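Novice: Residue numbers (full-length UniProt numbering): 1 to 341.
Virtual Cβ for every residue (Gly too), placed ideally from N, Cα, C.
Predicted model, so just to flag it, every value in this text is computed and none were measured.
Before I ask anything, here is the structure I am working with.
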């Protein structure tokens, strides 16, 4: 006689320990069920003998009416769409965009006449028009925080991860010249030109100051040569030309975001002192170089961590994404260029 799996040996501790744990669990369960107390350890109220039990009453001493919408039976099938509305509709939108990209590649003649990015924008406009026509409010508003913290990091990571490394570093000087100097030239040139135009009384926009013009110039200085890059891939252009345009596109976004944040802060200032101009220039370099520093730091940490994942290869993609996203968030924490990071 003994516990299950007992071999007859009196010194079999594993089986006796399991039997003791089972007996203890049964004892605790029986003790809990036999307690006359409630869930909070309170003894339930018992009415006195001969007492009349009255129905619950309302504050006006009238009988309490029980709600009629309380189901009397257990429902077999229910549907609660508001509970899953936001993730459900976002998933459908992503599937729609994915199916659209598949269709563009299956029927590649479409992209010959219309760029792929324009087609995706058109699909978004059609979906938005349908939602507006049926008076359906979107589940969530697209704010700047949602875009910069959730939607932009995967796009930047995809661009940086699949960047041809060797051709890029061979032409990094040309790329930075176009991305940094060219973007600064465009922003300052457009901002100063618009500020000069605002002084013409015929246009009637004398109330727009220089800071607001520079802010607008920083916005329109961002370039997105997606259609150009698609054409380059189709006709197989020179690799150096492709990497210069691609790298300029990547760094142009980072420089533009830095300029936008800086000019938006300056636009809120009533008076701009000469020292503020020098501080703005210094902040531009601190933000850009600081973002690159955070990127290098987290890159080394990720490389060192993946040295010990030879037996758990399945977590390496997760490390790549999480360290990249962590670098992005830490850069945002210190208000430096998260795209550069």
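I'd like to know whether the C-beta atoms of residue 341 and residue 295 end up nearer to each other than 8 Å.
Specialist: yes
Novice: I think residue 214 touches residue 191, with their Cβ atoms under 8 Å apart; what is that distance to the nearest whole Å?
Specialist: 4 Å
Novice: Output needed for residue 325: all residues of its chain with C-beta closer than 7 Å, excluding positions within five of it in sequence on either side, in chain order.
Specialist: If we look at residue 325 and ignore the five residues flanking it on each side, its Cβ neighbours are 153.
Novice: For residue 157, I'd like the list of residues in its chain whose CB is within less than 6 Å of its CB, leaving aside the five on either flank, ordered along the chain.
Specialist: 324
Novice: Straight-line CA distance for residue 211 to residue 103?
Specialist: 45 Å
Novice: Where do the ends of the alpha helix (DSSP H) carrying residue 122 lie?
Specialist: Segment 116-133, the alpha helix (DSSP H) holding residue 122.
Novice: Could you name the residues of the same chain whose beta carbon sits closer than 7 Å to that of residue 243, not counting the 5 residues immediately before and after it, in chain order?
Specialist: The beta carbon of residue 243 sits closer than 7 Å to those of 164, 167, 168, 171, all from its chain and outside the five residues before and after it, given in chain order.
Novice: Distance, Cα to Cα, residue 333 vs residue 301?
Specialist: 19 Å
Novice: Leaving aside the five residues before and after residue 303 along the sequence, list all residues of the same chain whose C-beta is less than 6 Å from its C-beta, in chain order.
Specialist: none
Novice: Go through its chain and collect everything with a Cβ distance to residue 292's Cβ below 6 Å, but skip five positions before and after it.
Specialist: 340
Novice: When you compare each of 94, 209, 319 to residue 269 by their alpha carbons, which one comes out closest?
Specialist: 209
Novice: How long is the line joining the alpha carbons of residue 97 and residue 91, rounded to whole angstroms?
Specialist: Distance from the CA atom of residue 97 to the CA atom of residue 91, rounded to whole angstroms, is 10 Å.
Novice: Just reading off the alpha helix (DSSP H) that residue 365 is part of, what are its end residues?
Specialist: The question about residue 365 has no answer, for the chain in this structure spans 1 to 341.
Novice: Answer with buried or exposed for residue 246, where buried requires no fewer than 16 other C-beta atoms within 10 angstroms of its C-beta.
Specialist: Per the 10 Å Cβ criterion, buried.
Novice: Quick one: grab the DSSP three-state call for residue 242.
Specialist: Here residue 242 sits in helix by DSSP.
Novice: Can you list, in chain order, the residues of its chain with a C-beta nearer than 8 Å to that of residue 151? Leave out the 5 residues immediately preceding and following it.
Specialist: none
Novice: With C-beta atoms as the reference, is residue 319 less than 8 Å away from residue 305?
Specialist: yes
Novice: Quick one: Cα of residue 248 to Cα of residue 179, how far?
Specialist: 5 Å
Novice: Can you give me the Cβ contacts of residue 197 inside the same chain, cut-off strictly under 7 Å, excluding the 5 residues immediately before and after it?
Specialist: Setting aside the 5 residues that flank it on each side, residue 197 is surrounded in the same chain by 203, each with a C-beta closer than 7 Å to its C-beta; the list follows chain order.
Novice: Give the range of the alpha helix (DSSP H) segment to which residue 317 is assigned.
Specialist: That run of the alpha helix (DSSP H) goes 316-333.
Novice: If the criterion is Cβ atoms closer than 8 Å, does the pair residue 251 and residue 176 meet it?
Specialist: yes
Novice: Cutting at 8 Å between CB atoms, please list the residues of its own chain near residue 228, excluding the five before and the five after it.
Specialist: 245
Novice: Look at the alpha carbon of residue 310 and the alpha carbon of residue 159, and state the distance between them as a whole number of angstroms.
Specialist: CA-CA distance, residue 310 to residue 159, rounds to 26 Å.
Novice: The alpha helix (DSSP H) with residue 177 in it runs from where to where?
Specialist: It is not in any alpha helix (DSSP H) - residue 177 carries neither H nor E in the DSSP assignment.
Novice: Would residue 187 be called buried (16 or more neighbouring beta carbons within 10 Å of its own) or exposed?
Specialist: Within a 10 Å sphere around the beta-carbon of residue 187 sit 16 or more other beta-carbons, which makes this residue buried.
Novice: Straight-line CA distance for residue 286 to residue 264?
Specialist: So the two alpha carbons sit approximately 17 Å from each other.
Novice: Just to confirm, are residue 258 and residue 288 a CB contact at a threshold of 8 Å?
Specialist: At a Cβ-Cβ threshold of 8 Å, residue 258 and residue 288 count as neighbours.
Novice: Taking only runs of the beta strand (DSSP E) that begin and end inside the region 169-233, which ones reach a length of at least 3 residues, in chain order?
Specialist: Listed in chain order, there is nothing to give.
Novice: Which first and last residues belong to the alpha helix (DSSP H) in which residue 296 is found?
Specialist: 274-305
Novice: Could you check which residue in 205, 225, 231, 253 has the C-alpha nearest to that of residue 219?
Specialist: 253
Novice: Name the residue from 282, 255, 274, 223 whose alpha carbon lies nearest to the alpha carbon of residue 338.
Specialist: 255
Novice: Which residues in the same chain have their Cβ closer than 8 Å to the Cβ of residue 284, if we skip the five residues on either side of it in sequence?
Specialist: 258, 259, 262
Novice: For residue 159, report the span of its alpha helix (DSSP H) as first-last.
Specialist: Start and end: 152-161.
Novice: How close, in whole Å, do the beta carbons of residue 126 and residue 100 come, if the pair is a contact with beta carbons under 8 Å?
Specialist: Residue 126 to residue 100, Cβ: 11 Å. No contact.
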